[in-house]
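**Q**
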Amino acid sequence: MYFHGIPHGKATELVAPMIHTAFNKACHKTSTVADFDQIIAFHDEYLEYSLFVRSLMGRVPLILEATIESSYDDSNSDIKHCRRWHNLLSLVSEVRIAIESLGIPLGAIANTSLLMFLGSGLFTAGKRQDLEMAKAEAMDTVDTILSLCPNVTGLWHHGHRTWSSSAGFVRDIPGVGGEIMLELHRRLHSQLTMMQVMRPFPKDIAAPFSENLQVLVLDSKLIPELHNSRYVDWTLFRAGADGALNLKRLDKLALEFDKPVKGMAYCSPCFVDVTFPAVTQVKVKGLEHSIVAMENYLHTAQCRPLTLVTEPYGLERMGLPILRCATLLAVNIKDRHTHAGQACMTRGIYRLFRHGQQYLSGARVTGMYHPMPPSIKWPWLHWLHLTPVVACANSMLNVIGMLKHLHVLVIDAYSLERKHLMVVGSSSFLNSQSKAVSDMDDAVKGLGRCVSDQIVRLDIRSCKPLCVSTVVKVVSRLPNLTSLGVSPGYVDAVAQAIGGRASGSSEAGFRVIHVREYSSHIGVFDG
Numbered sequence: 001m002y003f004h005g006i007p008h009g010k011a012t013e014l015v016a017p018m019i020h021t022a023f024n025k026a027c028h029k030t031s032t033v034a035d036f037d038q039i040i041a042f043h044d045e046y047l048e049y050s051l052f053v054r055s056l057m058g059r060v061p062l063i064l065e066a067t068i069e070s071s072y073d074d075s076n077s078d079i080k081h082c083r084r085w086h087n088l089l090s091l092v093s094e095v096r097i098a099i100e101s102l103g104i105p106l107g108a109i110a111n112t113s114l115l116m117f118l119g120s121g122l123f124t125a126g127k128r129q130d131l132e133m134a135k136a137e138a139m140d141t142v143d144t145i146l147s148l149c150p151n152v153t154g155l156w157h158h159g160h161r162t163w164s165s166s167a168g169f170v171r172d173i174p175g176v177g178g179e180i181m182l183e184l185h186r187r188l189h190s191q192l193t194m195m196q197v198m199r200p201f202p203k204d205i206a207a208p209f210s211e212n213l214q215v216l217v218l219d220s221k222l223i224p225e226l227h228n229s230r231y232v233d234w235t236l237f238r239a240g241a242d243g244a245l246n247l248k249r250l251d252k253l254a255l256e257f258d259k260p261v262k263g264m265a266y267c268s269p270c271f272v273d274v275t276f277p278a279v280t281q282v283k284v285k286g287l288e289h290s291i292v293a294m295e296n297y298l299h300t301a302q303c304r305p306l307t308l309v310t311e312p313y314g315l316e317r318m319g320l321p322i323l324r325c326a327t328l329l330a331v332n333i334k335d336r337h338t339h340a341g342q343a344c345m346t347r348g349i350y351r352l353f354r355h356g357q358q359y360l361s362g363a364r365v366t367g368m369y370h371p372m373p374p375s376i377k378w379p380w381l382h383w384l385h386l387t388p389v390v391a392c393a394n395s396m397l398n399v400i401g402m403l404k405h406l407h408v409l410v411i412d413a414y415s416l417e418r419k420h421l422m423v424v425g426s427s428s429f430l431n432s433q434s435k436a437v438s439d440m441d442d443a444v445k446g447l448g449r450c451v452s453d454q455i456v457r458l459d460i461r462s463c464k465p466l467c468v469s470t471v472v473k474v475v476s477r478l479p480n481l482t483s484l485g486v487s488p489g490y491v492d493a494v495a496q497a498i499g500g501r502a503s504g505s506s507e508a509g510f511r512v513i514h515v516r517e518y519s520s521h522i523g524v525f526d527g
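The opening residue of the sequence shown carries number 1 in UniProt numbering; numbering runs sequentially from there.
(1) With a threshold of 8 Å on Cβ separation, who are the neighbours of residue 193 within its own chain once the five nearest residues in sequence on each side are excluded?
(2) The alpha helix (DSSP H) with residue 134 in it runs from where to where?
(3) Who are residue 403's beta bridge partners in DSSP?
(4) From what residue to what residue does the beta strand (DSSP E) around residue 259 run?
(5) Below 8 Å on the Cβ atoms is my guess for residue 410 versus residue 370; work out the distance and round it to an integer in Å.
(6) Of the choices 332, 286 and 41, whose alpha-carbon is the least far from that of residue 319?
(7) What residue from 134, 197, 46 and 478 has the CA that sits closest to residue 157's CA?
(8) Excluding five sequence neighbours on each side, which residues of the same chain lie with their C-beta closer than 6 Å to the C-beta of residue 443?
(9) Below 6 Å CB to CB, which residues in the same chain sit around residue 277 once its five sequence neighbours on both sides are set aside?
(10) Looking at the unbroken beta strand (DSSP E) that takes in residue 111, where does it start and where does it end?
(11) Can you tell me where the beta strand (DSSP E) with residue 483 in it begins and where it stops?
(12) Just confirm the distance between the C-beta atoms of residue 273 and residue 293, as a whole number of angstroms; I'd bet it's less than 8 Å.
(13) Please determine if the segment 474-483 and the segment 454-462 are in contact, where contact requires at least 3 C-beta pairs separated by less than 8 Å.
(14) For residue 393, list the residues DSSP reports as bridge partners.
(15) Name the one or two DSSP bridge partners that residue 281 has.
(16) Specify, as a first and last residue, the run of the beta strand (DSSP E) that residue 204 falls within.
(17) Considering only the beta carbon of each residue, do residue 553 and residue 495 sit closer than 8 Å?
(18) Report yes if the C-beta distance between residue 387 and residue 402 is below 8 Å; otherwise report no.
(19) Who are residue 413's beta bridge partners in DSSP?
(20) Using the three-state DSSP reduction, which class does residue 299 fall into: helix, strand or coil?
(21) What is the residue span of the beta strand (DSSP E) that residue 4 lies within?
(22) Whole angstroms is fine: what's the gap from residue 389's alpha carbon to residue 373's?
(23) Using only the alpha-carbon positions, how far apart do residue 514 and residue 484 sit?
(24) Looking at residue 312 and residue 330, is the spacing between their C-beta atoms short of 8 Å?
(25) So, under 8 Å CB-CB, residue 295 and residue 321 are touching, yes? Tell me the CB distance rounded to an integer number of Å.
(26) Once the 5 residues before and after residue 254 are set aside, which same chain residues still bring their CB inside 6 Å of it?
(27) Buried or exposed: residue 73, going by 16 or more other Cβ atoms within 10 Å of its Cβ?
(28) In or out: residue 396 buried (at least 16 other Cβ within 10 Å) or exposed?
(29) Find out if the Cβ-Cβ distance for the pair residue 414, residue 460 is shorter than 8 Å.
(30) Counting along the chain, where does the beta strand (DSSP E) carrying residue 187 start and finish?
(31) Who are the near neighbours of residue 291 in its chain, counting only those whose CB is closer than 6 Å to its CB and skipping five residues on each side?
(32) What does a CB cutoff of less than 6 Å around residue 101 pick up in its chain, not counting 5 residues either side in sequence?
(33) Is the Cβ-Cβ distance between residue 309 and residue 334 less than 8 Å?
(34) Mark residue 133 as exposed unless 16 or more other C-beta atoms lie within 10 angstroms of its C-beta, in which case mark it buried.
(35) Please go through the same chain and pick out, in chain order, the residues whose beta-carbon is closer than 6 Å to the beta-carbon of residue 137, but skip the five residues on each side of it.
(36) Quick one: what does DSSP say residue 362 is sitting in, helix, strand or coil?
Set out below in structure tokens:
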């Protein structure tokens, strides 16, 4: 629920930041009708904020969503199709296409700038269809789309609702969907400022790329088919007599490295002097598969953030010198449940935290299937968000004690009790962790009553029932803590357990704490 927890009857200016944050989470690039239903429901129920909600709707998508209630491919089955139309046509700026034709008056959505396809449906549509019929149908569909949306500057496909790997995603299935994408590329190519070059992509385009191209996603496997094209004028990027490629306007860079195919020979890459002086956001998936030292192309402390997407064992093989290029770091560990038998091997994740880095001010590591790290050598962290499998009181205090400048700590754990390691860990894993656990306990014994006077915000959530005593133990060592978020349903219990600090009568030297529901929002990462 995006709008959960926003109170009734407050002055709009007091709750506007909360509403704006919830709205941005609901209204994103891959929103569907279900997301916008929540905005509409909030608008209708919270009439006192309705004008502010409407002010946020200056640029909204038209969502054309088709759902099929039966999954049986049987001509005798009663398949029901549902089309749901939302929003004011005069405000439409994007079209999300999930149907073949649009019965909308000409001119109603002429200002549309982005065509986006979601999911795998586009490339599986009509896969049993005769190819010539598919091409004819695709031409008709594209004619309809472009007659309604002649000013499109963005053409995009999301295989999933979130940013993730496109490796292995089959797009070359013959059929009307692939033909639609090919024809859209042919007709829109020169006017696109946001586009993907990945299959299916036409080889017969006779038009240049737009001079105003801003966002380009390129499948490197297509480069042999494109590199001789006279329509890509690389001299635009030349900087002086040294011949270097200076991408001086590029501010976001996303790279994805595939796992090498066994038995296939790969040539060594030629070194090209490329500079990205304006880049501030870098996202890399599969860095462990790269033979390129990415840190050679970036400056120290340039990335805000550097996002690394990897699998559980990727951190063991990944080159970590790239961390020096980041002031904000986000690490997302994917597919952890596919490695259930080996999920708790900690070598890679602990290697990450032990890689000394003095430039990091914020870090977010999600997808962890590990306990809290016994050591973090990022001494200048101000913000830290972790998702450990178990976070007991001593393990949290140990981390806080190491990070002398930490202001915000967010913990989203499976459990706050050490005994639950038995649930997720093998006996060999538990034996390997015994020394780390003992070392953490000894380290915490050596800390004074005040473990940190810098922490002002702490958020703790657990999938298992929240261990209130663990929360109290941590809070009691943080005298300047003023904001505490806990698992939904435990706010009153925690407030009662910490006593005076929650009711406004704290003891000398300890600040009053506002107890609320857990939130993972950190401004430097989430805006």
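For every residue, glycine included, the Cβ atom is placed at its ideal position computed from N, Cα and C.
It should be emphasised that the depicted structure is a prediction, and the values quoted were computed from it without experimental measurement.
**A** Per the coordinate set shown:
(1) The sequence position of residue 193 within the sequence shown is 193, counting from 1. 153, 154, 210, 212, 213, 214 and 215.
(2) To locate residue 134, count along the sequence shown from 1; it is residue 134. Residues 131-148.
(3) For the purposes of this step, residue 403 is taken as the residue at position 403 of the sequence shown. According to DSSP, which records beta bridges pairwise, residue 403 is partnered with nothing at all.
(4) Here residue 259 corresponds to residue number 259 of the sequence shown, with the count starting at 1. First-last for residue 259: undefined, no H or E at that position.
(5) Translated into the one-based positions of the sequence shown, residue 410 becomes position 410. Translated into the one-based positions of the sequence shown, residue 370 becomes position 370. About 16 Å; that fails the 8 Å criterion.
(6) On the sequence shown, position 319 is the one that residue 319 refers to. Considering only alpha carbons, the answer is 286.
(7) Here residue 157 refers to the residue found at position 157 when the sequence shown is read from its first residue. Looking at the Cα atoms, 197 is the closest of the given residues.
(8) In the sequence shown, counting from the first residue as 1, residue 443 sits at position 443. Closer than 6 Å at Cβ, skipping near neighbours: 398.
(9) Residue 277 sits at position 277 when you count from the first residue of the sequence shown. For residue 277, where only same-chain residues beyond five positions count, the Cβ hits under 6 Å are 248.
(10) Position 111 of the sequence shown, counted from the start, is the residue given in the question as residue 111. Counting along the chain, residue 111 falls outside any beta strand (DSSP E), and DSSP gives it neither H nor E.
(11) Here residue 483 refers to the residue found at position 483 when the sequence shown is read from its first residue. Boundaries of the beta strand (DSSP E) around residue 483: 483-486.
(12) Counting from 1 along the sequence shown, the entry for residue 273 is found at position 273. Counting from 1 along the sequence shown, the entry for residue 293 is found at position 293. Actually they do not touch by this definition, with Cβ atoms about 14 Å apart.
(13) yes
(14) Here the question's residue 393 lines up with position 393 in the sequence shown. Paired residues: none, contrary to the question.
(15) Within the sequence shown, the letter at position 281 stands for residue 281. BP columns for residue 281 point to 252.
(16) Locating residue 204 in the sequence shown gives position 204, where the first residue counts as 1. Per DSSP, residue 204 belongs to no beta strand (DSSP E) and is neither H nor E.
(17) Outside the displayed span of the chain (1 to 527) sits residue 553, for which this structure offers no information.
(18) Here residue 387 corresponds to residue number 387 of the sequence shown, with the count starting at 1. Here residue 402 corresponds to residue number 402 of the sequence shown, with the count starting at 1. Contact: no.
(19) Locating residue 413 in the sequence shown gives position 413, where the first residue counts as 1. The partner list for residue 413 (beta bridge, DSSP) reads 462.
(20) Along the sequence shown, read from residue 1 onward, the residue named residue 299 stands at position 299. Coil at residue 299, not helix or strand.
(21) Looking up residue 4 in the sequence shown gives position 4. Segment: none, residue 4 is in no beta strand (DSSP E) and carries neither H nor E.
(22) Within the sequence shown, residue 389 is the residue found at index 389, counting from 1. Within the sequence shown, residue 373 is the residue found at index 373, counting from 1. Annotation: residue 389 to residue 373 spans about 11 Å, alpha carbon to alpha carbon.
(23) Here residue 514 refers to the residue found at position 514 when the sequence shown is read from its first residue. Here residue 484 refers to the residue found at position 484 when the sequence shown is read from its first residue. Taking the straight line from one Cα to the other gives about 6 Å.
(24) Against the sequence shown, residue 330 aligns to sequence position 330. Against the sequence shown, residue 312 aligns to sequence position 312. Not closer than 8 Å, so no.
(25) For this step, residue 295 is matched to residue 295 along the sequence shown. For this step, residue 321 is matched to residue 321 along the sequence shown. Indeed they touch by this definition, with Cβ atoms about 5 Å apart.
(26) Sequence index remark: in the sequence shown, residue 254 carries index 254 (1-based). Answer for residue 254: 283, listed in chain order.
(27) Taking the sequence shown and counting its residues from 1, the one referred to as residue 73 is at position 73. Residue placement at residue 73 is flagged as unreliable, the pLDDT there being 45, under the threshold of 50; the coordinate-derived value follows with that caveat. Counting Cβ neighbours within 10 Å, residue 73 comes out exposed, since fewer than 16 surround it.
(28) Along the sequence shown, one-based indexing puts residue 396 at 396. Buried, because 16 or more other Cβ atoms sit within 10 Å of the Cβ of residue 396.
(29) On the sequence shown, position 414 is the one that residue 414 refers to. On the sequence shown, position 460 is the one that residue 460 refers to. No, Cβ-Cβ distance for residue 414 and residue 460 is not below 8 Å.
(30) Walking along the sequence shown from the start, residue 187 turns up at place 187. Element bounds for residue 187: not the beta strand (DSSP E) but the alpha helix (DSSP H), 176-188.
(31) Taking the first residue of the sequence shown as position 1, residue 291 is located at position 291. Once the five neighbours on either side are set aside, residue 291 has no close Cβ partner at all.
(32) Here the question's residue 101 lines up with position 101 in the sequence shown. Summary for residue 101: the model assigns pLDDT 42, below 50, so the residue's position carries little reliability; its value from the coordinates is reported in the next sentence. 144, listed in sequence order.
(33) Residue mapping note: residue 309 aligns to position 309 of the sequence shown, counting from 1. Residue mapping note: residue 334 aligns to position 334 of the sequence shown, counting from 1. Yes, these two residues count as a Cβ contact at 8 Å.
(34) Position 133 of the sequence shown holds residue 133. With fewer than 16 Cβ atoms within 10 Å of its Cβ, residue 133 is classed as exposed.
(35) Counting from 1 along the sequence shown, the entry for residue 137 is found at position 137. Taken in chain order, the residues that qualify are 176.
(36) The residue you call residue 362 lines up with position 362 of the sequence shown. Residue 362: strand per DSSP, three-state reduction.
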